[in-house]
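Visitor: Let me begin by handing over the structure; questions about it come next.
Numbering (the numbering used here), first residue to last: 255 to 770.
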């Protein structure tokens with residue numbers, strides 16, 4: 255009996271999804287509430303669609319905070335001018351390679367080339383764009399799911415209202431179920447024929463359920479799909495436990511809970527209060543801005559004549575008969591405004607809106623990236639570190655599996671070469687090694703005798719690897735250097751011998767001339 259059949263007999267994917275929805279409901283409700291005061295379109299309700307007109311919040315602090323914080327997280331997690339990971343060799347193997355520096359540097363260069371291939375794959379498949387959207391979901395809803403299709407490539411994002419997940423006590427994923435609502439026109443006929451429902455309208459929506467579960471016997475994940483509670487043959491798959499294409503994310507880990515908490519949830523009180531105060535201030539300001547005059551009904555001044563009077567004209571009347579209506583709420587408005595300003599200041603600090611270190615430029619310096627990473631680590635209390643382990647590492651591992659399966663990168667022994675994600679201020683990966691090499695060189699440069707014991711060819715290759723530069727065609731190989739040295743020696747010998755040859759020829763010619 256296959257794994258799919260075993261799961262089918264226990265419970266269908268749809269029934270499992272409906273059963274686990276109750277555990278997800280409180281998190282989904284809080285996510286809708288957080289989106290209401292930040293960016294409502296980020297987490298719509300299940301009945302919403304593309305034509306839904308969302309109510310615009312009266313304040314923009316929430317939206318600015320979400321956009322700003324997600325952008326900073328994206329910069330720290332996936333810097334544009336440096337890889338966010340490095341491929342490291344096992345320590346005992348590295349110790350062995352120390353005996354042959356040339357082989358070690360060659361391996362380092364090959365790893366740099368693989369890193370660049372993975373980086374290009376991320377950029378060319380718009381993975382960075384989807385991850386930015388995922389970070390917004392994490393800030394607002396606290397949860398989302400990423401899926402990297404094994405065959406098609408690219409990446410897909412699931413909101414919290416499109417999947418359910420179940421974790422064990424250690425936070426490892428036991429199983430998850432996703433639902434994809436597809437139109438009939440996009441589903442193959444052989445799949446539609448599995449259902450008892452006659453689908454005829456091409457625009458009709460069909461729910462496809464995907465069940466992913468962990469099998470402890472072989473330490474692997476398995477998945478299958480259903481349509482109308484009928485398994486779809488040929489869509490069964492299995493994945494390594496450390497390279498599953500389904501990556502459920504959470505912003506804040508809560509022990510004993512299958513879902514995480516959002517950043518906005520911690521400041522929902524201030525967001526809700528600021529929304530109410532800002533609404534009251536705007537409405538009161540609109541009332542105060544309206545101009546209404548009160549006219550004494552027993553006075554001699556006639557409003558009709560006032561309306562018809564030209565600018566600078568004369569109308570019979572008394573000033574006390576006409577007075578403007580004033581809202582005597584200035585002090586109350588000042589109290590509301592002062593409270594709103596204090597809340598806005600707190601939220602600006604929480605969402606890092608006051609930070610002006612990062613420039614709005616196409617390329618930012620390494621020091622700016624280090625500062626932003628450190629600021630994120632200090633402000634968010636380790637959230638950045640959690641994302642580096644639950645987002646970056648599984649993402650790199652999965653992309654490596656896909657690229658190796660398609661032959662775009664060489665097969666790497668997983669027990670020897672592993673991707674390493676550096677967290678916090680180490681987020682620059684190989685750039686941190688470059689700083690060490692630069693510091694080392696500045697110290698050695700002050701000792702003339704020390705420069706003589708450095709193997710400069712290997713040092714230059716190490717600097718290139720730390721700078722993520724492929725030295726192929728840039729740095730001369732030992733064979734090229736040896737060949738050039740031989741040519742130089744031959745030229746030097748030729749230059750030294752040439753005068754002697756010329757002198758001998760002239761002497762021989764003179765001798766022959768004398769004999770003649």
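For glycine and all other residues, C-beta sits at the position ideal for the given N, C-alpha and C. It should be emphasised that the depicted structure is a prediction, and the values quoted were computed from it without experimental measurement.
Quick check on the burial criterion: 16 or more other C-beta atoms within 10 angstroms. Buried or exposed for residue 352?
Guide: So residue 352 counts as exposed.
Visitor: Assuming residue 475 and residue 490 make a contact with CB atoms under 8 Å, what is their CB distance in whole Å?
Guide: That belief does not hold up - the Cβ atoms of residue 475 and residue 490 are roughly 12 Å apart, past 8 Å.
Visitor: Assign residue 397 to one of two classes, buried (16 or more other C-beta atoms within 10 Å of its C-beta) or exposed (fewer than that).
Guide: With 16 or more other Cβ atoms within 10 Å, it is buried.
Visitor: Among 461, 494, 369 and 513, which one has its Cα closest to the Cα of residue 430?
Guide: Here the closest residue by C-alpha is 513.
Visitor: Use the C-beta contact count for residue 343: other C-beta atoms within 10 angstroms, 16 or more gives buried, fewer gives exposed.
Guide: Classification for residue 343: buried.
Visitor: Since I believe residue 388 is in contact with residue 503 (beta carbons under 8 Å), could you give me their beta-carbon distance rounded to a whole number of angstroms?
Guide: With 8 Å as the limit, residue 503 and residue 388 qualify as a contact, their Cβ atoms being about 6 Å apart.
Visitor: Can you say whether residue 705 is buried or exposed, counting buried as having 16 or more other CB atoms within 10 angstroms of its CB?
Guide: It is exposed - the Cβ of residue 705 has fewer than 16 other Cβ atoms within 10 Å.
Visitor: Could you check where the beta strand (DSSP E) with residue 311 kicks off and where it finishes?
Guide: Counting along the chain, residue 311 falls outside any beta strand (DSSP E), and DSSP gives it neither H nor E.
Visitor: Give me the residue from 418, 555, 564 and 563 with the minimum Cα distance to residue 570.
Guide: When each option's Cα is compared against that of residue 570, the closest is 555.
Visitor: Only counting the same chain, and skipping five residues up and downstream in sequence, which positions put a Cβ closer than 6 Å to that of residue 267?
Guide: So the list reads 431, 463, 465 and 480, once near-sequence residues are dropped.
Visitor: Out of 576, 539, 363 and 534, which has the shortest C-alpha to C-alpha gap to residue 552?
Guide: Nearest option by C-alpha distance: 576.
Visitor: Express the C-alpha separation of residue 588 and residue 560 in angstroms, rounding to a whole number.
Guide: About 34 Å.
Visitor: How about the region 532 to 539 and the region 301 to 308: do they share at least three Cβ pairs that are nearer than 8 Å?
Guide: Verdict: no, contact absent.
Visitor: Output the residue ranges of the beta strand (DSSP E) runs that lie fully inside the region 288 to 371 and measure 3 residues or longer, sorted by chain position.
Guide: Taking only runs of at least 3 residues, the beta strand (DSSP E) segments lying wholly in the region 288 to 371 are 340 to 343.
Visitor: How is residue 273 classed by DSSP in three states: helix, strand or coil?
Guide: Correct three-state label for residue 273: helix.
Visitor: Would you mind stating whether residue 516 and residue 315 have Cβ atoms separated by less than 7 Å?
Guide: No. Outside cutoff.
Visitor: Kindly indicate which residue of 420, 317, 265 and 468 has the alpha-carbon position closest to the one of residue 288.
Guide: Looking at the Cα atoms, 317 is the closest of the given residues.
Visitor: Straight-line CA distance for residue 410 to residue 358?
Guide: Residue 410 and residue 358: Cα-Cα distance of roughly 38 Å.
Visitor: Secondary structure at residue 435, three-state DSSP: helix, strand or coil?
Guide: Correct three-state label for residue 435: strand.
Visitor: Hey, out of 607, 511 and 595, whose CA is closest to residue 280's CA?
Guide: When each option's Cα is compared against that of residue 280, the closest is 511.
Visitor: Pick from 574, 505, 348 and 290: whose alpha carbon is nearest that of residue 671?
Guide: For the residues 574, 505, 348 and 290, the minimum Cα distance to residue 671 belongs to 348.
Visitor: Where do the N-terminal and C-terminal ends of the beta strand (DSSP E) with residue 674 fall, by residue?
Guide: Residue 674 -> beta strand (DSSP E) spans 671 to 674.
Visitor: Would DSSP call residue 668 helix, strand or coil?
Guide: Residue 668 falls in the coil class under three-state DSSP.
Visitor: Report buried or exposed for residue 435, applying the criterion of at least 16 other Cβ atoms within 10 angstroms of its Cβ.
Guide: The residue is exposed, with fewer than 16 neighbouring Cβ atoms inside 10 Å.
Visitor: Give me the Cβ distance between residue 455 and residue 438, rounded to the nearest whole Å; I'm assuming they're in contact under 8 Å.
Guide: Their Cβ separation, rounded to whole angstroms, is 6 Å, which keeps residue 455 and residue 438 in contact under 8 Å.
Visitor: Would you kindly work out how many angstroms separate the C-alpha atoms of residue 501 and residue 332, rounded to a whole number?
Guide: Their backbone Cα atoms lie some 17 Å apart in a straight line.
Visitor: With distances taken between CB atoms, is the gap from residue 505 to residue 647 smaller than 7 Å?
Guide: No.
Visitor: By how many angstroms is the C-alpha of residue 645 removed from the C-alpha of residue 639?
Guide: Between residue 639 and residue 645, the C-alpha separation is close to 10 Å.
Visitor: Opposite residue 515 in the DSSP bridges: which residues?
Guide: For residue 515, which the question treats as bridged, DSSP gives the partners 506.
Visitor: So, at 8 Å on beta carbons, what are the nonlocal neighbours of residue 328 in its own chain, with the 5 sequence-adjacent residues on each side left out?
Guide: So the list reads 382, 385, 386 and 389, once near-sequence residues are dropped.
Visitor: Could you pull the DSSP bridge partners for residue 547 from this structure?
Guide: Answer is 578, bridged to residue 547.
Visitor: For the beta strand (DSSP E) containing residue 405, name the first residue and the last one.
Guide: Here residue 405 belongs to no beta strand (DSSP E), and DSSP marks it neither H nor E.
Visitor: For residue 422, which of helix, strand or coil comes out of DSSP?
Guide: Residue 422 falls in the coil class under three-state DSSP.
Visitor: Using the Cα positions of residue 750 and residue 730, report the straight-line distance between them to the nearest angstrom.
Guide: Residue 750 and residue 730: Cα-Cα distance of roughly 28 Å.
Visitor: According to DSSP, is residue 605 helix, strand or coil?
Guide: If DSSP states are grouped into helix, strand and coil, residue 605 belongs with coil.
Visitor: Name the one or two DSSP bridge partners that residue 475 has.
Guide: DSSP output for residue 475 lists 468 and 493 as bridge partner(s).
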